[in-house]
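Written out below as structure tokens is the structure these notes cover.
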Amino acid sequence: MSGEGQATEAKPEETQQVQEGAGGQQVEAKPSEAEAKVEERRPTLLDELIKVNSRKPNIPVDVVKLLKLSIRMRRERYGFIRYYNKEHKIRLEDSPWRRPKGIDNKIRMKRKGYPPMVNVGYRGPRGVRGIHPSGFIEVIVHNPEELSRVNPETQAIRIASTVGVRKRIEIIREAVRRGIKVLNVDKRTREAIREVT
1 MSGEGQATEA KPEETQQVQE GAGGQQVEAK PSEAEAKVEE RRPTLLDELI KVNSRKPNIP
61 VDVVKLLKLS IRMRRERYGF IRYYNKEHKI RLEDSPWRRP KGIDNKIRMK RKGYPPMVNV
121 GYRGPRGVRG IHPSGFIEVI VHNPEELSRV NPETQAIRIA STVGVRKRIE IIREAVRRGI
181 KVLNVDKRTR EAIREVT
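Okay, so the sequence shown: first residue is 1 according to my numbering, each after it adds one.
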């Protein structure tokens, strides 16, 4: 039964495309120009960046569990904003938490039906505080020289917001060369990389 019923399949690399030419003779088919371009296309900086950024960190299993717990807790956490911020016409992003101090304030008294107060239990797990959800420790970088202090196995970089596009591309190029994950490559930077390469 070992040889019966098994069809032998030729691998695509081994087969040659053959066409019949004039006069019945067989002529080997040439690959189209598009196929030739695909074969000779080298990976761009953006391709290499995507490859480097898909890396996973080398972290223990218990830290992975804590990271998953931290992500779930962050998703379920109430967005604590200042109470009465609508009456004072404060935008939501400009209304950081302030502890209510009024004698009749229902939030301070923790009454049912009112927003919750900030409490100790809302904080994330101690083992993964300050760690990016991907598992890497964030390091802020301002220029390519600062990449020499980054450990690619455990750390990932975040390019500072004050850095311009040209310097960003230099930092990204050096980070890709060293195999360091970049956390904040925005649309503007990707377009600039496409123009350069």
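All C-beta atoms, glycine included, are put in the ideal place defined by N, C-alpha and C.
Small disclaimer: the values here were computed from a predicted structure and weren't measured.
Which residues mark the beginning and the end of the alpha helix (DSSP H) in which residue 176 is found?
Taken as a continuous stretch (DSSP letters only), the alpha helix (DSSP H) holding residue 176 covers 165 to 178.
Once DSSP output is grouped into helix, strand and coil, what is the label at residue 50?
Three-state result, residue 50: helix.
Let me know the secondary structure DSSP gives residue 160 once reduced to three states.
In the structure shown, residue 160 falls within a coil segment according to DSSP collapsed to helix, strand and coil.
Could you give the first and the last residue of the continuous beta strand (DSSP E) run that contains residue 141?
Annotation: the continuous beta strand (DSSP E) that includes residue 141 extends over 137 to 141.
Under a Cβ-count criterion, where at least 16 other Cβ atoms within 10 Å of its own Cβ denotes burial, should residue 78 be classed as buried or exposed?
So residue 78 ends up on the exposed side.
Residues that residue 182 bridges to, as DSSP identifies them:
157.
Taking residue 61 as part of the alpha helix (DSSP H), name the residues at either end of that continuous run.
For residue 61, the enclosing alpha helix (DSSP H) has its first and last residue at 61 to 76.
Among 135, 102, 142, whose alpha-carbon lies nearest the alpha-carbon of residue 68?
Comparing Cα-Cα distances from residue 68 to each of 135, 102, 142, the minimum goes to 135.
Which residues mark the beginning and the end of the alpha helix (DSSP H) in which residue 194 is found?
In the DSSP annotation of this structure, the continuous segment of the alpha helix (DSSP H) that includes residue 194 starts and ends at 187 to 196.
If you draw a straight line from the alpha carbon of residue 64 to that of residue 125, how long is it in whole angstroms?
In a straight line, the C-alpha of residue 64 is about 12 Å away from that of residue 125.
Using the rule of at least 16 other Cβ atoms within 10 Å of the residue's Cβ for burial, across every protein chain shown, is residue 56 buried or exposed?
Its Cβ having fewer than 16 others within 10 Å, residue 56 is exposed.
Residue 158 to residue 178, Cα distance in whole Å?
Distance between the alpha carbons of residue 158 and residue 178 is about 15 Å.
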